[in-house]
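Peer 1:
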Amino acid sequence: MPLLCHALTVAVVQTFIFSENRAFAKNINFYNVRPPLDPTPFPNSFKCFTCENAGDNYNCNRWAEDKWCPQNTRYCLTVHHFTSHGRSTSITKKCASTSECHFVGCHHSRDSEHTVRSICVCSYRPVVS
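Just add 180 to wherever you are in the sequence shown, counting from 1, and you've got our numbering.
Right under this line is the structure:
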């Protein structure tokens, strides 16, 4: 009886493996694959990875939430605080308006001996055709 069960199992597996009706990668037209439509809150909306006062860039990126940005924003802003020795103390990433991005670059704080580096990046906005 165990021999018969083994033989039937092998036959079923072989039938499954050699079946011509299975969908193989060679039968998929990868040029016609489109990403799923993601409902957006408004036309030309975009997302930014967000975190607030993370200890370093690794932890910010690891736990960052991908959020839809409000309509009055156009950029993704990163504000990174360093010690005078270059050690990260905190990082914040968020959606930002044009006015928030006027003061990007490196700024040195004399009273706390920290360096603040701010970067604004135009977020990717898909072209709809």
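From the three backbone atoms N, C-alpha and C, an ideal C-beta is built for every residue, glycine too.
By how many angstroms is the C-alpha of N209 removed from the C-alpha of A234?
Peer 2: When rounded, the distance between both Cα atoms is 43 Å.
Peer 1: Take H294 as the anchor and find which of A244, T263 and V284 has the nearest alpha-carbon.
Peer 2: Nearest option by C-alpha distance: T263.
Peer 1: Which residue comes first and which comes last in the alpha helix (DSSP H) that contains R297?
Peer 2: No alpha helix (DSSP H) holds R297; the beta strand (DSSP E) holding it covers H294 to C302.
Peer 1: For T253, tell me which candidate among K227, H260 and R290 has the shortest Cα-Cα distance.
Peer 2: Nearest C-alpha to T253: K227.
Peer 1: Could you check whether C300 and V127 sit closer than 7 Å to each other, using their CB atoms as the reference points?
Peer 2: The chain is shown only over 181 to 309; residue 127 falls outside these bounds and no answer can be derived.
Peer 1: How big is the Cα-Cα spacing for P223 and K247?
Peer 2: Near 15 Å, if we compare the C-alpha coordinates of K247 and P223.
Peer 1: Identify the continuous alpha helix (DSSP H) that holds Y238 and give its terminal residues.
Peer 2: Here the alpha helix (DSSP H) through Y238 covers N237 to W243.
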